[in-house]
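In order, the protein sequence lines correspond to chains L and S. For what it's worth, my numbering labels the leading residue of the first sequence as 1, then goes sequentially. For what it's worth, my numbering labels the leading residue of the second sequence as 1001, then goes sequentially.
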Amino acid sequence: MTVGFDKPAEPRRYRLLFLGMLAGALALIWSAWWVGLRFVEQSAEASLRKRIDLDSLLLEDHVSRTLDIVTARLQSVVALTRPGALDAGSLSPAGLDELIFEDRMLRSLSLVDPAGQVILSSNPANLGTRVPAGTVPDPAAPAGRDGMRFGQLLPYRDLFQIGTAKQPPDVRLWVASRSVDLDGRTLHWLAVLNPSVFENLWSRLDEDEATELALFDYRGQRIATHHGVVPESVPLGRELIAQAETRMNGSFEPAGAPLWVSFRASTKHPVIVASIGDPGRLQLQLAAERGGFTFAALAATALVMLAVALLYRGYLKYEASVLETANQARAIGAHLMSSESTPDGRIIRVNDALLQATGFTRDEVLGQTHRLFNSGLHTAEFYAGMWKTLASGRIWKGTFRNRRRDGTHLWFNATIMPFHDAWGHMERYVALYTDVSESIVLAERFEKERRMRHELVRVNRDLANHANTDPLTGAASRRAFDAFTRQAIEVCREQARPLTLLLLDLDGFKQVNDLHGHAAGDEVLRIVTRRWAAEIRGSDLLARLGGEEFCVVLPDTPASDALAVAEGLLAATASAPVHIGSSEYLHITVSVGMASGVIRARGELDHLLQEADAALYQAKHAGRNRVCAAESCELPRLQSSGR
Amino acid sequence: MWLSVIALALSAMTQVSHAWVLERVAATGALRVCIWPEYFGISYRNPRTNTLHGLDIELSRALADELGATPEYVETDFIRLFADLAGRRCDIAMMAVGVTPERARVADFSRPYLRSDVYAIASRANRAIKSWADIDQPGRVVVVQKGTFMEPLMRRTLVRASLLAVSRPAEREREVESGRADVFITDYPYSQRMLANADWARIIAPDQPVQPTDYAYAVPKGDSAWLDRVERFVSRIKQDGRLAVVAGRHNLLPIVVRD
């Protein structure tokens, strides 16, 4: 707690800070989400493009090498096709079968005469088959550099089926041919190729549905496709041929279909390998990943909101406690003076109340030690005791007499608390003061008054003997009156407090004497005197100045208080009839003249007595049974019963 | 009359050859075992190490051990096997021989220790054959290994498709891969080989059992003491769990006959 808490809480600023924190964290999460999605999408697209490029590179190589082997097989049978070879049996069906037995690309090898009839084949079923013109490579068409011609893709397993009943649609053949001149005739070696050999390899390499692999010949027809994702209706072939006319490899996006095509034309054979990426399918594959990202972002959002909510809740509690502390500190600061000092006693903070009380300015105080306020009235042992208590970590309480800036003195009740930091080290001292100067002065004055009153009571008691007492009533005699007033004047002078005299005179006392005799008069005097004595304090004096005239001396009593006493006397007098003799009762009243003033000398008392006398006269004149001062008269409180 | 004389002579010969194998094994200290070295999981020669592996290689060693002999492997195939047995070129065929009535006429069989149905292998590129029912269709070509029990089975069951029986090693695979045929028919152990070694291949299992066939050990006909000895061996390996352990090692547990 900082006693001089002067930093107000800043709720608006902190609420804004929390809102900003939340907004910042959410912005961070969702921008990471956005960037992450973009990144994943872009890298997936980039990797798809890269993969189709790589696929077309590898597959073109594989296709070219496979067709190289086909070329080599045809070359070797062409080389064997010498005059007489057919008759000599060096070219036999079994020999041809042995030649292609290990070859997965070749289904059969057949020799066709100019009329299109198969005259020799590795597959005995082909023998004698007439191959319709136009279904296999046209012998008239120009051959490639190596003498090779490639024909159409046909829905048959082998030559013998050409033109027969419909075959299973998935079995297709592709024919490569090479011409050879024998005995003046041009014969053709036909190799029935198995396009599935590529598809088998491709399906092993690539199970990704977002990519498609295809082999096209120069007519633009598909020789082989992979998993058939790209429909045959997409007229890729024509566009591919157009592209391949200007370059051997590259990539393009075909018109009318959202596809990416990477292609590579074989350098030796009339085929083009295309690897086709389908970004649409890529998006479908990415959807799952996108969902994962979004889930992660939502989860992070929830976590952040929870965390900020918890922090905010903690802050609200903290704010409430700070406010509570600040309010308490303000309340304490408003009521108490306070100062704070370092462990070595240097003042680091004072509140306005302390400055006001001591008359110093803040600049004069800060950095100084509390010796600034030292009045020099306390002993070294006093301070040593205080430091000992504080050094042991306990709270010290005591009263200082301090010095104001103007040199006058102040009484402080002080509570000094050692404040420790979180590690328990002494951090600073906080002192709270209350100014008790006034109460100390008051106490001093009260003590003096108490002593004076005690003195008057003692004087009163001393005067209570026969010589000083009226024998009839027991009231003080004139001599005692004089002695008491001497003392009272002294008190009055010393304390500058007013003294009041009440002169009492019984109404119609002469008639009582006349009608009922002196004995009755004396009885009346005795009874009323007893009643009056009960109405006054021990420090007051009731004296009989003569006849039926009495005086009450009220030291240290202002007129307002004395009036109450006088009224009490009136009431006591008239409170009950006075019983004289066997069955006679008299109703007695009294008139009172009151005079009040600060008396410093004997002469002034006489003057006051005259004033009281004048007031008594006034009371008599005004109708008796009342108290009059110089200015006004008061009727007794129980007036009705008094008459 | 003559017929009965021949029958009598034959039975006399059988009597004479009684305990022939056990005596010979005891005398030579060698047990001659007929195997087909192409039979993956059963009796297979690893081309890299040139050593034999498989369920029946392990079990034949166990049998030879029991007889106090060393196994001597005689390589054969399902075409020559029964001639080899009849000609006493081997004492026992331990190569998961499918038990058929035809074969039971020319050799004696132990109780079965495996039982497998047939499976078809197609190439991945062949998208038209998806189930067993797609096989027996016009224009389809089905390959079997000559001499195996699948050959008569397919000859019997195929109606629309044509059958091609081949005999050269690995010819079935090449016929299918080159597209000269659509599928070849084999059994569970061989299909496991295709699954493990040839990723161009797809296995098509029958929807309904086609013909689950018992696999047993075949011995030359008429040597009842030897057949008894083999029977005892088969019972023991089933009971003491050796068969299951060894079959598990070669991924053949699903086809073990436990009795």
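Where a beta carbon is used, it is the ideal one built from N, C-alpha and C, also for glycine. Remember, it's a predicted structure, so these values are computed and weren't measured experimentally.
Cβ pair residue i, residue j closer than 8 angstroms
i	j	result
Asp103 (chain L)	Ser1178 (chain S)	yes
Ser596 (chain L)	Lys620 (chain L)	no
Ile489 (chain L)	Leu366 (chain L)	no
Ile347 (chain L)	Gln368 (chain L)	yes
Pro11 (chain L)	Glu324 (chain L)	no
Ser203 (chain L)	Asp55 (chain L)	no
Ser1110 (chain S)	Val1230 (chain S)	yes
Val1074 (chain S)	Arg1089 (chain S)	yes
Ala1247 (chain S)	Tyr1119 (chain S)	no
Arg264 (chain L)	Leu109 (chain L)	no
Asn465 (chain L)	Ser477 (chain L)	no
Phe39 (chain L)	Tyr312 (chain L)	no
Ile527 (chain L)	Val565 (chain L)	no
Thr573 (chain L)	Thr557 (chain L)	no
Leu336 (chain L)	Tyr433 (chain L)	yes
Leu501 (chain L)	Ala612 (chain L)	yes
Ala1093 (chain S)	Ala1069 (chain S)	no
Val647 (chain L)	Val78 (chain L)	Lying outside 1 to 643, the shown extent of chain L, residue 647 (chain L) is not represented and no answer is given.
Ile1135 (chain S)	Val1176 (chain S)	no
C-beta neighbour in chain L for residue i, strict 8 angstroms
i	result
Glu1151 (chain S)	no
Ser1116 (chain S)	no
Glu1038 (chain S)	no
Ser1167 (chain S)	no
Asn1046 (chain S)	no
Gly1222 (chain S)	no
Ala1125 (chain S)	yes
Glu1177 (chain S)	yes
Ala1122 (chain S)	no
Arg1156 (chain S)	no
Ala1128 (chain S)	yes
Arg1174 (chain S)	yes
His1180 (chain S)	The sequence as given places Arg at residue 1180 (chain S); His does not occur at that position. Cβ-Cβ to chain L under 8 angstroms: yes for Arg1180 (chain S).
Val1257 (chain S)	no
According to DSSP, residues forming a beta bridge with residue i
i	result
Lys397 (chain L)	L:Thr415
Gln117 (chain L)	L:Arg130
Ser591 (chain L)	L:Asp505
Ala1122 (chain S)	S:Val1183, S:Arg1202
Leu644 (chain L)	The displayed coordinates of chain L run from 1 to 643. Any statement about residue 644 (chain L) would go beyond what the structure contains.
Pro1220 (chain S)	S:Ala1107
Gly292 (chain L)	Answer is none; Gly292 (chain L) lacks a bridge partner.
Phe252 (chain L)	L:Val261
Met386 (chain L)	Bridge partners of Met386 (chain L): none, in fact.
Glu108 (chain L)	With the sequence shown as reference, residue 108 (chain L) is identified as Ser, and Glu is not the correct amino acid for it. Answer by DSSP bridge pairing, in chain order: L:Val192.
Gly277 (chain L)	L:Thr211, L:Trp260
Asn1046 (chain S)	According to DSSP, Asn1046 (chain S) bridges with nothing at all.
Gly597 (chain L)	L:Leu499
Interface flag, residue i vs chain S, CB-CB below 8 angstroms
i	result
Leu74 (chain L)	no
Ser121 (chain L)	no
Leu106 (chain L)	yes
Glu222 (chain L)	In the sequence as presented, Glu is not what sits at residue 222 (chain L); that position holds Arg. No, Arg222 (chain L) lies away from the interface with chain S (no Cβ there is under 8 angstroms from its Cβ).
Gly20 (chain L)	no
Glu177 (chain L)	Here residue 177 (chain L) turns out to be Ser, not Glu, going by the sequence shown. No, Ser177 (chain L) lies away from the interface with chain S (no Cβ there is under 8 angstroms from its Cβ).
Arg65 (chain L)	no
Val273 (chain L)	no
Asp170 (chain L)	yes
Ser262 (chain L)	no
Contact belief for residue i with residue j at Cβ below 8 angstroms, rounded distance in angstroms
i	j	result
Pro1152 (chain S)	Asp1214 (chain S)	Going by Cβ atoms, the distance from Pro1152 (chain S) to Asp1214 (chain S) rounds to 15 angstroms, so no, they are not a contact pair.
Asp1056 (chain S)	Met1095 (chain S)	6 angstroms
Leu504 (chain L)	Phe550 (chain L)	4 angstroms
Arg107 (chain L)	Trp260 (chain L)	Wrong, their Cβ atoms sit about 34 angstroms apart, outside the cutoff.
Fill in: Inter-stretch contact (C-beta, 8 angstroms, three-pair minimum) for the region 103 to 123 of chain L and the region 76 to 94 of chain L
Segments in contact, yes.
Worksheet item: Is the region 476 to 496 of chain L close to the region 505 to 514 of chain L, with three or more CB pairs under 8 angstroms?
Response: In short, these stretches do not touch, since the Cβ pair count stays below three.
Item to complete: Could you run through the region 1194 to 1216 of chain S and flag, in chain order, every residue whose CB is less than 7 angstroms away from some CB of chain C?
Response: Among the protein chains in the structure shown, which are L and S, there is no chain C.
Worksheet item: How about the region 187 to 203 of chain L and the region 239 to 250 of chain L: do they share at least three Cβ pairs that are nearer than 8 angstroms?
Response: By the Cβ rule, the region 187 to 203 of chain L does not count as touching the region 239 to 250 of chain L, because fewer than three pairs are nearer than 8 angstroms.
Practice prompt. Decide yes or no for the touch test of the region 1032 to 1043 of chain S against the region 1225 to 1240 of chain S: beta carbon pairs closer than 8 angstroms, at least 3 of them.
Written response: Contact fails: fewer than three Cβ-Cβ distances are below 8 angstroms.
Worksheet item: Any chance the region 1239 to 1253 of chain S sits against the region 1079 to 1088 of chain S, with 3 or more Cβ pairs inside 8 angstroms?
Response: Below 8 angstroms, too few C-beta pairs join the region 1239 to 1253 of chain S and the region 1079 to 1088 of chain S to call them touching: fewer than three.
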